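All residue numbers for the sequence shown refer to the UniProt record's numbering, where the first residue is 1 and numbers rise by one.
Here is the structure we will look at, set down as structure tokens.
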Amino acid sequence: MFKGLGGLGDMSKMMKAAQDMQQKMSDLQEEMHNMTVEGESGAGLVKAVASVKGELKSLDIDPSIFSGDDKEVVEDLILAAIKDAQAKASERAQAEMSRVTEELGLPKDMKLPF
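Take a look at the structure:
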């Protein structure tokens, strides 16, 4: 008589799973603002710290690189450290997203809209 109710139960499970996934992704987005990575250049003379979202948080420059007239070299080292931090942030963000999709039982290579 009410054969369609079984389908409603499955739909309810799917909706719950979608809500769980949305909450986990929202939580992860928030966590990634607090996770940091460090990039460096010049064998550690310049270090850049960025959030996993790619926001530059800090820059540490060894004073010894200011000893000459090599303004371009200093600028290049700073840019290289920032780019290294951003690349590491991107890699870490992908790893975190993959971890969450695996936890949710989704295909590892699934691209989510976040």
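No residue lacks a Cβ here, since even glycine has one placed at the ideal position from N, Cα and C.
As the structure is a computational prediction, the values presented were derived from the model and not from experiment.
query	result
Residue environment, alanine 48, which counts as buried when at least 16 other CB atoms sit within 10 Å	buried
For aspartate 84, the nearest candidate out of Phe66, Glu96 and Ser41 (CA to CA)	Ser41
Three-state secondary structure (DSSP) of serine 64	helix
Rounded C-alpha distance that separates glutamate 30 from glutamine 23	11 Å
Extent of the continuous beta strand (DSSP E) run through valine 49	46-51
Glutamate 55, DSSP secondary structure in three states	coil
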